[in-house]
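Colleague: Here the protein sequences line up with chains A and B, keeping their order. Here the working numbering is used: the first sequence runs in plain steps of one and ends on residue 155. Here the working numbering is used: the second sequence runs in plain steps of one and ends on residue 1185. Here a beta-carbon is modelled for each residue, glycine too, at the ideal position from N, C-alpha and C.
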Amino acid sequence: MATTLATPTPVTASSPARRLLGYFLLGTWFGVVLTKSQVVSWFRIQEMFRFQSFYMYGVLGSAVLVAGISIALLRRFRVKTLDGAEIVIPPKVMGRGYRYWVGGTIFGIGCAFTGACPGPLFALIGAGVGVMIVTVVAALAGTWLYGYLRPHLPH
Amino acid sequence: MIAFLSRPWPWWVAGPLIGLFVPALLVLGNRQFGFSSNLRHMCAALAPGDVDFFRYDWKQNGLWNLVFLAGTVVGGFIGGVLLAAPGVPLAASTRAALGALGLHDLSGLVPRELFTWSALATPRGFVLTVLGGLCVGFGTAYAGGCTSGHGVAGLAALERPSLVAVLGFFAGGLIATYLLLPRLL
Chain A
1 MATTLATPTP
11 VTASSPARRL
21 LGYFLLGTWF
31 GVVLTKSQVV
41 SWFRIQEMFR
51 FQSFYMYGVL
61 GSAVLVAGIS
71 IALLRRFRVK
81 TLDGAEIVIP
91 PKVMGRGYRY
101 WVGGTIFGIG
111 CAFTGACPGP
121 LFALIGAGVG
131 VMIVTVVAAL
141 AGTWLYGYLR
151 PHLPH
Chain B
1001 MIAFLSRPWP
1011 WWVAGPLIGL
1021 FVPALLVLGN
1031 RQFGFSSNLR
1041 HMCAALAPGD
1051 VDFFRYDWKQ
1061 NGLWNLVFLA
1071 GTVVGGFIGG
1081 VLLAAPGVPL
1091 AASTRAALGA
1101 LGLHDLSGLV
1111 PRELFTWSAL
1121 ATPRGFVLTV
1131 LGGLCVGFGT
1141 AYAGGCTSGH
1151 GVAGLAALER
1161 PSLVAVLGFF
1171 AGGLIATYLL
1181 LPRLL
C-alpha cells in the first residue's frame, strides 16, 4: 500500500519551506502536549524526585515504550523517510562514559532546580512564565562554557 | 472534546504522544528527537567564538530543530494559556513536603514564590533560575542530550550511554531535591 500512495517525488516532498513548516507544526504539537500534560510543572518534577506519584514515570515509561515499538516497526518494515531515504539512527559512543554520568548528574541538578528540561523551558516561556528567558540565557551560557572547556574535560 | 482539551491530560495520553515524536521526526527527514541540541545550535549561530564545538554548519544541522523549538513556544502558549487547566493535581505528600520548605502557592505551573521577575532578585530565586539554567545547559551539552534525546529516543533505541545519562540525571535530581533544595529554600 505504501508503494501506491507514496509517489516518488522527492523534489516536492523535500521542498525546504514545506519541510520546515512540518517541523514547526510538530514543535507546536510538542509544546501543546508538554503543557496540557503538565510535565512542564515544577511541582510535577518535585513529585517525581520525591517518588510521591506515578505520573512522570508513567509519562516517561509509556513514551519510551511507544518510541521503542515505533523504531522496531520502522526497522522491521524498512520504512523510508518521506524523501525515500534509508532511516538511520546513529549509535551513541560510550567511550569511558564520564560524559554521560557526570553530564547527566549536572543536568539532573539543573532540572530539579528549574523544574524543567530544555523543551519545557521554552514551552513555559510560551505559557507566560517570562522569567524562564533568564534560565534559557543561563543555559546558553552553560552550553557555551561546556564548548569552551570541552578539550579539558574527560569524556 | 472542549472539556477534554481544557482538562490536564493523563499520563497515558501524554506519554505515548511524546513517544511518537521519535518516529515522526525520523520519517519526516531522518532527524533525531533531541531538544537540547538547540542550545548548541543557538551558541553556534549567535556566538561561536573561537570554540571548535560551535564551528559547524548550524543551518544544515539544526535549522529544522530551531524551527521545531519556535513551534514549542507557540504550543506552550496554546496549551498553557489558551487551553490552560486550573492547577496541577499534585500528590498530597508533595504538597506537604513543599509546604514544609516554605512553598505555599502551588497553583501555577511553577512556584510564584521562586520564578517571577521579583523573585529573581531574591537569593533563592536567583540561584534556582540562573544556576539551575547553567546546570541544564552545561549538563545536557556534556552528556550530549537531555530527557528527549537520552531519556526517550536513546532508551527506546536501547542505547547504553543513554541509560547511564538517565541514571546520572536521577542521581542529580535526588541530590538537588534532598540535599540542596532544603538548604536553599
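#1: With a 10 Å radius around its C-beta and 16 neighbouring C-beta atoms as the bar for buried, classify M94 (chain A) as buried or exposed.
#2: Could one say the Cβ of G84 (chain A) lies closer than 8 Å to chain B's Cβ atoms, at least one of them?
#3: Leaving out five residues before and five after S53 (chain A) in sequence, what residues of the same chain have Cβ atoms less than 7 Å from its Cβ?
#4: Quick check: is the beta carbon of G142 (chain A) nearer than 8 Å to any beta carbon in chain B?
#5: Determine whether the Cβ of W1009 (chain B) lies closer than 8 Å to any Cβ atom of chain A.
#6: Mind checking whether T135 (chain A) and N1030 (chain B) have CB atoms under 8 Å apart?
#7: How long is the line joining the alpha carbons of R44 (chain A) and P1089 (chain B), rounded to whole angstroms?
#8: Should Q1060 (chain B) be labelled buried (16 or more other beta-carbon atoms within 10 Å of its own) or exposed?
#9: How long is the line joining the alpha carbons of C1135 (chain B) and V131 (chain A), rounded to whole angstroms?
#10: From A1156 (chain B) to L1025 (chain B), what distance separates their C-alpha atoms?
#11: In the DSSP assignment, the alpha helix (DSSP H) including K80 (chain A) goes from what residue to what residue?
#12: Taking DSSP as the reference, what is the three-state secondary structure of E86 (chain A)?
#13: For I1018 (chain B), collect the residues of the same chain with a Cβ closer than 7 Å to its Cβ; drop the 5 residues on either side in sequence, then sort them by chain order.
#14: Could you tell me whether the Cβ of R1183 (chain B) comes closer than 8 Å to any Cβ of chain A?
#15: Suppose only complete runs of 3+ residues qualify. What are the beta strand (DSSP E) ranges in the segment 12-51 of chain A, listed by chain order?
#16: Below 7 Å on C-beta distance, what does F107 (chain A) contact in chain B?
#17: Only counting the same chain, and skipping five residues up and downstream in sequence, which positions put a Cβ closer than 6 Å to that of T114 (chain A)?
Modeller: Result, derived from the coordinates:
#1: With a threshold of 16 other beta carbon atoms within 10 Å, M94 (chain A) falls short and is exposed.
#2: Chain B has no Cβ within less than 8 Å of the Cβ of G84 (chain A).
#3: Only E47 meet the Cβ criterion.
#4: Yes, its Cβ sits closer than 8 Å to a Cβ of chain B.
#5: At least one chain A Cβ lies under 8 Å of W1009 (chain B).
#6: Cβ distance not < 8 Å, so T135 (chain A) and N1030 (chain B) don't count as in contact.
#7: Between the alpha carbons of R44 (chain A) and P1089 (chain B) lies a distance of about 9 Å.
#8: With fewer than 16 other Cβ atoms inside 10 Å of its own Cβ, Q1060 (chain B) counts as exposed.
#9: Looking at the two C-alpha atoms, the distance is approximately 17 Å.
#10: Looking at the two C-alpha atoms, the distance is approximately 14 Å.
#11: First-last for K80 (chain A): undefined, no H or E at that position.
#12: Strand, per DSSP.
#13: Around I1018 (chain B): V1152.
#14: With 8 Å as the cut-off, R1183 (chain B) does not count as an interface residue toward chain A.
#15: Runs of the beta strand (DSSP E) inside the segment 12-51 of chain A: none found.
#16: Under the 7 Å cutoff, chain B gives C1135, V1136, G1139, T1140, A1143, C1146, F1169 and G1172.
#17: Hits under 6 Å: T135.
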